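Each residue of the sequence shown is one higher than the one before, starting from 404 at the first, in the numbering used here. The structure under discussion appears below in the form of structure tokens.
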Amino acid sequence: MTEPRWLDAREAQLWQAYRDTQRELNRVLEGRLISNSGLSGADYALLHPLSIAEGGVLRTRDLGRSVGWERSRLSHQVSRMEKRGLVSREECTSDARGSMVRLTDLGRKAVEAAAPDHVAAVRTYFFDHLSIDEQQQLTTLFERVLQGIPTPACPAAECEDPAIDCTE
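Below you can see the structure in the form of structure tokens.
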């Protein structure tokens, strides 16, 4: 049996600093979103890509991929948001297996109202602590790490045919 490759002190310090930073950024950003807009981080995570999508609509599959969520988590979150009038679901006219999520007027107003403070918080708690050179270095490093992470295989039951374009 091979001995595990344990983290050395430098690696452990870096890993812990990364995890602490990620946790605290998520905590403070989520807290500000909720207190200033009533939106959760999950709400904002879905409203943002819809707000920049053509016509405010995305195929459910593509929305899920944009946030890296499993189908069940996405479905539950969309249901909660639909009940609050932030989004609506539609059938995909070119593929009966597919569905669409559309940003409602209320959803657009909510994300547009939340965005300025959210961006200000991201600047305050993240970017303002980094020089432009450090930002570029982090971008390069995060992209390199991301390239080394395997993409999960998509089980056939979870996927809709990517060859069918359903953007109506």
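All C-beta atoms in this analysis are idealised placements derived from N, C-alpha and C, irrespective of residue type, glycine included. Computed from a predicted structure; not experimentally measured.
Worksheet item: Shortest alpha-carbon distance to residue 499 belongs to which of 463, 435, 490 and 526?
Response: 463
Discussion item. Checking 7 Å against the spacing of the C-beta atoms, do residue 502 and residue 492 come in under that value?
Written reply: yes
Discussion item. I'd like the list of long-range same chain contacts for residue 416, defined as Cβ closer than 7 Å, with 5 residues on each side in sequence excluded.
Written reply: none
Fill in: Alpha carbon of residue 490 to alpha carbon of residue 413, nearest angstrom
46 Å
Worksheet item: If we count the other Cβ atoms within 10 Å of its Cβ and call it buried at 16 or more, is residue 517 buried or exposed?
Response: buried
Practice prompt. Tell me whether residue 412 sits in a helix, a strand or coil according to DSSP, three-state version.
Written response: helix
Worksheet item: Thinking C-alpha only, which one of 461, 466 and 488 is nearest residue 496?
Response: 461
Worksheet item: What are the start and end residues of the beta strand (DSSP E) that includes residue 503?
Response: 502 to 506
Item to complete: Could you check if residue 561 is buried or exposed, using at least 16 other CB atoms within 10 Å of its CB as the buried criterion?
Response: Low confidence applies here, because residue 561 scores a pLDDT of 45, under 50, leaving its location unreliable; read the following figure in that light. It is exposed - the Cβ of residue 561 has fewer than 16 other Cβ atoms within 10 Å.
Practice prompt. Give the straight-line distance between the Cα atoms of residue 526 and residue 443, rounded to the nearest whole angstrom.
Written response: 19 Å
Fill in: Collapsed DSSP secondary structure at residue 442 in the structure displayed
coil
Worksheet entry | Residue closest to residue 430, alpha-carbon to alpha-carbon, out of 515, 533 and 521 | 521
Worksheet item: Among the residues of its own chain, which have a CB less than 6 Å from the CB of residue 439, if the five just before and after it don't count?
Response: 520
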